[in-house]
Amino acid sequence: MDKKKIGRDAGTVWNVLSDKRCSWEELVGKTGLGPLELACAIGWLAREDKVTISPERGILYFEVYHEHYY
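To convert, count from 1 in the sequence shown and add 1045; that's the working numbering.
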């Protein structure tokens, strides 16, 4: 898998998460990405500090990380 595709997939995930937080299963359904592609995209966004990952009752939730500057 090349970096350009991972970057495009990360953009797709970012757009979905800009509306609301989602679980892994919701992201698979809304993005149409396979598990490997989704994992790479989430990794890309996490490395850039763009998403937060929160486990709740055994379910992983992902949401856009918004920086606040005061």
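Glycine is no exception: its CB is placed at the ideal position from the N, C-alpha and C atoms.
- Using a Cβ distance threshold of 9 Å, Leu1081 and Val1058 do not count as a contacting pair.
- Note on the stretch 1055-1102: whole alpha helix (DSSP H) runs with a minimum of 4 residues are 1069-1076 and 1080-1092, in chain order.
- According to the DSSP assignment, Tyr1106 belongs to the beta strand (DSSP E) that extends over Ile1104 to Val1109.
- If you check the CB distance, Val1096 and Ile1104 do not come in under 9 Å.
- Taking Trp1089 as the centre and dropping the five residues before and after it, the same chain places the C-beta of Ile1051 and Ala1055 closer than 6 Å to its C-beta, in chain order.
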